[in-house]
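Throughout the sequence shown, residue numbering follows mature numbering (1 follows the signal peptide of the UniProt record, and there is no 0), covering -18 to -1, 1 to 329 in sequence.
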Amino acid sequence: MRLECVFAALCLGVGVMAGKYSREVNEAKPSGSDGQPVEFRIAKLNQVWEKAKRMQLSPVRQAELHSDLKIQEKDELQWKKMKVEGLDENGEKEAQLRRNFNVILAKYGMDGKRDTRPRESNSLKDHDIKEGDVFDDPRLDKLWNKAKNSGKFSTEELLNLKREFQHHKDKIHEYNILMDTVSRTEEIHKNVISDLEGDAKEHLLQQKHTELKDKMRGLNQGFERLRKISHEGFTDDSEFREPRVIELWEAAKRSNLSRDELDSLKEELRHFETKVEKHSHYQEQLELSHQKLQHVESLGDKEHIRRTQEKYDNLAEKTRDMGYKMKKHMQDLANKISRQGLQHNEL
């Protein structure tokens, strides 16, 4: 009898301990609020996804969010394994994951705050929008107008250059979000590490601001590249077309990689560029498919709507999956270049 009581008490204890980290909490439930299978194994990520669907984000924007949430999910599950193994004792990785999650919420307007930042603006320097402005930044607009009217670029080169300008504009927006999010979570982060010794606490806080400085340095280097191209045109040794790939290649050339490592990386970046271009094509097709679906819905033919909806859903799933794989590949490439191990590639 005594043995049975002990066994029952142990079972009860295990049940209580498992409550917070049980599969019921952290893994996918059978269905969400709409009766459909949930997308993520972590409850808070499903809540964000459900909210995004209610917000009716554009198809491409929704697919981008899905990819960011998948990356966040991968990193959080990896962190849980680290914690079980007794790693991340100072909470550095946990604090980083919390900040990354807050960045995602802010990026897609889901942080519960009224976003006073213009969608793609440079809040580093406010200015009046003038007719002819394209990038909402006086320095970028001046460079773009100079390049566009210089006669140095073919039509295809201008398209490639415009993509680089747009990418830089997006990076400025992302930097402003990150800076705002770091500021908002400063007190939370201080509380998380409040039990640490002074030196360790100071190190973590300093590291956060070092990351911001590194991103600002990247912005300055990116602008310098745009300035040089706008004045001199593309050179014969221009290796890549896609801005994200160009950014990785420029970072690689500034790193301490050997010549053999650079050659190997260049080949991998060529394959990655193909993946980026394919993903961009799918995003365009997804937007067109959504427009077609809206048109078909206005006609009222239920069977036609069903077939079109099915095609749209399949395309959306492929685009999301491709987006996740592309961002994961980009994260791996950035880690290879930085040689800093597995770190989350923010935004």
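All C-beta atoms, glycine included, are put in the ideal place defined by N, C-alpha and C.
Should L59 and R23 be called a contact, given that it needs their Cβ atoms to be closer than 8 Å?
Along the sequence shown, one-based indexing puts residue 59 at 77. Along the sequence shown, one-based indexing puts residue 23 at 41. Using a Cβ distance threshold of 8 Å, L59 and R23 count as a contacting pair.
As assigned by DSSP and simplified to three states, the class of H326:
Your numbering for residue 326 matches position 344 in the sequence shown. Summary for H326: the model assigns pLDDT 43, below 50, so the residue's position carries little reliability, and this model does not support an answer.
Out of curiosity, what's the CA-to-CA distance linking S105 and I159?
Taking the first residue of the sequence shown as position 1, residue 105 is located at position 123. Taking the first residue of the sequence shown as position 1, residue 159 is located at position 177. Summary for S105: the model assigns pLDDT 36, below 50, so the residue's position carries little reliability; its value from the coordinates is reported in the next sentence. For S105 and I159, the distance between alpha carbons rounds to 10 Å.
Relative to the C-alpha of Q29, which residue among K248, D70, M92 is closest?
The residue labelled residue 29 in the question sits at position 47 within the sequence shown. Nearest in C-alpha terms to Q29, of all of K248, D70, M92, is M92.
Helix, strand or coil at K75 [DSSP, three-state]:
Along the sequence shown, one-based indexing puts residue 75 at 93. Here K75 sits in helix by DSSP.
Please return the same chain residues whose Cβ sits closer than 8 Å to the Cβ of L79, not counting the five positions on each side in sequence.
Stepping through the sequence shown from its first residue, residue 79 is reached at position 97. So the qualifying residues of the chain are Q54, D57, E58, W61, H326.
Helix, strand or coil: how does DSSP classify K63 here?
Here residue 63 is taken as the residue at index 81 of the sequence shown, counted from 1. For K63, the three-state secondary structure derived from DSSP is helix.
Every unbroken alpha helix (DSSP H) within the segment 235 to 296, with a cutoff of 4 residues, ordered by chain
Complete alpha helix (DSSP H) runs here, min 4: 241 to 281.
Reduced DSSP category for M312 - H, G, I as helix; E, B as strand; rest coil
In the sequence shown, residue 312 corresponds to position 330, counting from 1. M312: helix per DSSP, three-state reduction.
Is it buried or exposed, K128, if we count other Cβ atoms within 10 angstroms and call 16 or more buried?
Position 146 of the sequence shown, counted from the start, is the residue given in the question as residue 128. The residue in question, K128, is exposed, as its Cβ has fewer than 16 Cβ neighbours within 10 Å.
For H155, count neighbouring Cβ atoms within 10 angstroms of its own Cβ and tell me buried if that reaches 16, exposed if not.
Taking the first residue of the sequence shown as 1, we reach residue 155 at position 173. Taking every protein chain shown into account, the CB of H155 has 16 or more other CB atoms within 10 angstroms, so this residue is buried.
Check the C-beta distance from Q273 over to T301 and give it rounded, since I have them as a contact under 8 Å.
Looking up residue 273 in the sequence shown gives position 291. Looking up residue 301 in the sequence shown gives position 319. Contact doesn't hold; Cβ gap of about 15 Å is too wide.
Rounding to the nearest angstrom, what Cα-Cα distance links H253 and E32 in this structure?
Looking up residue 253 in the sequence shown gives position 271. Looking up residue 32 in the sequence shown gives position 50. Looking at the two C-alpha atoms, the distance is approximately 34 Å.
Measure the C-alpha to C-alpha separation of T98 and H150 and round it to an integer number of angstroms.
The residue labelled residue 98 in the question sits at position 116 within the sequence shown. The residue labelled residue 150 in the question sits at position 168 within the sequence shown. Legend: pLDDT at T98 = 45, less than 50; position of this residue unreliable, no value from coordinates given.
Beta-carbon contacts of F117 that lie in its chain and below 7 Å, excluding the five residues immediately before and after:
In the sequence shown, the residue the question calls residue 117 occupies position 135. D123, W126, F147, K151.
Boundaries (first-last residue) of the alpha helix (DSSP H) holding D118:
As a first step, residue 118 is located in the sequence shown; it is residue number 136 there, counting from the start. First-last for D118: undefined, no H or E at that position.
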